[in-house]
Amino acid sequence: MARRPRQCPLGFPVHVVQRGNNQQVCFATDADLKAYAGWLHQAADQFAVDIHAWVFMTNHVHLLMTPHSVDSISRCMQNLGRYYVRYFNHRYQRTGTLFEGRFKSSIVQSESYFLACLRYIELNPVRAGMVTDPADYSWSSYRAHALGKQPAMWKPHDEYMALGSTRESRQAVYRQLVAQEMSGDVVTEIRDALNTGLVLGNDRFREQIQKLTGVRQQHLKRGRKPR
6 MARRPRQCPL GFPVHVVQRG NNQQVCFATD ADLKAYAGWL HQAADQFAVD IHAWVFMTNH
66 VHLLMTPHSV DSISRCMQNL GRYYVRYFNH RYQRTGTLFE GRFKSSIVQS ESYFLACLRY
126 IELNPVRAGM VTDPADYSWS SYRAHALGKQ PAMWKPHDEY MALGSTRESR QAVYRQLVAQ
186 EMSGDVVTEI RDALNTGLVL GNDRFREQIQ KLTGVRQQHL KRGRKPR
């Protein structure tokens, strides 16, 4: 089956997932995570990408990013992978592929869906049973949104900034949002968008992106092709 062409129009947030090849471990120590974060920050600056959210798990990462130049997310991820894989292979005396050949991505509709995607990303360690409180996991953007930390690579999105008029009020509202149970339907939508490469948004947004990119944003109907 042919790959869907990757579409990351300028100014739209994109949910990106990069996984270890065959689910292998990509980060063995905090030093590995720190190295990855450093090269991610460097690549984002170099290729004009805003990083709104992240979580680094043992064998995969989730990112929420907005590109501001053509192909900037692809170039950012390629650059990051080149440096990090070289580092990881040298550190652990290994060779070959570390990440899957192609990261998954889905354009996210800012209204309604951005905050849901943000919560989904930062709750990954909770769903995985690693922590019970997302604040206890060091390698995510939750502490920036909920506790006022200021990581150098963090660029808060307008949807987050609209939660309140002050830093403290935004953090309080966001903590309340995260404390609410996420709808199973929303979680399914987020995962389905990633797995298919289709946008995460309503029908009107799908049509908007389809017209903008010329790439289908609707599920194909299943069934046999007519003879």
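Just so we're on the same page, my numbering is the position in the sequence shown counted from 1, plus 5.
Glycine included, each C-beta is placed from N, C-alpha and C at the ideal position.
Note that the structure is predicted; figures quoted are calculated from it, not measured.
Over the uninterrupted beta strand (DSSP E) stretch that includes residue i, give me the two end residues.
i   : result
H65 : 65-72
Residue i: buried (16+ other C-beta within 10 angstroms of its C-beta) or exposed?
i    : result
Q28  : exposed
L85  : buried
Q181 : exposed
S188 : exposed
T71  : buried
E194 : buried
D37  : buried
R175 : buried
G14  : Note that residue 14 is Pro in the sequence shown, not Gly. Answer is exposed; the Cβ neighbour count stays below 16.
A33  : exposed
Can you tell which of the options has its C-alpha closest to the C-alpha of residue i?
i    : options              : result
I78  : K109, F93, E105      : K109
M62  : Y88, V136, F52, G101 : V136
V60  : R175, R132, D197     : R132
Q114 : L217, G206, E212     : G206
L128 : V66, H73, V75        : V66
C122 : H73, G101, L199, V75 : L199
E116 : W144, D55, Y92, Y165 : Y165
Could you name the residues of the same chain whose beta carbon sits closer than 8 angstroms to that of residue i, not counting the 5 residues immediately before and after it, in chain order?
i    : result
A149 : Q155, P156, W159, P161
L217 : P14
D76  : C13
Q104 : The question names Gln, but residue 104 is Phe in the sequence shown. Contacts found: Q23, R24, G25, N26, C31, G86, V90.
Specify, as a first and last residue, the run of the alpha helix (DSSP H) that residue i falls within.
i    : result
K39  : 35-51
H150 : 147-152
R180 : 172-184
A198 : 189-201
Kindly list the residues whose CB is nearer than 6 angstroms to the CB of residue i, restricted to its own chain and excluding five residues on each side of it in sequence; keep chain order.
i    : result
P130 : V136, Y142
L68  : V21, W59
A53  : H73, S74, S77
If I measure Cβ to Cβ from residue i and keep anything under 7 angstroms in the same chain, skipping five residues before and after, which residues do I get?
i    : result
R124 : L182, V183, M187
W44  : L85, Y88, Y89
Report the rounded CA-to-CA distance for residue i versus residue j, giving the unit in angstroms.
i    : j    : result
H95  : H20  : 30 angstroms
A42  : D208 : 35 angstroms
T171 : Y118 : 22 angstroms
Q51  : Y88  : 14 angstroms
C81  : R211 : 25 angstroms
G16  : S146 : 20 angstroms
C31  : A151 : 27 angstroms
A167 : P18  : 16 angstroms
S111 : V192 : 14 angstroms
D197 : R221 : 15 angstroms
V178 : V204 : 26 angstroms
G219 : Q98  : 45 angstroms
L74  : A48  : It is Ser, not Leu, that sits at residue 74 in the sequence shown. For S74 and A48, the distance between alpha carbons rounds to 13 angstroms.
D35  : Q83  : 22 angstroms
G169 : N64  : 35 angstroms
T201 : T100 : 30 angstroms
D163 : E173 : 16 angstroms
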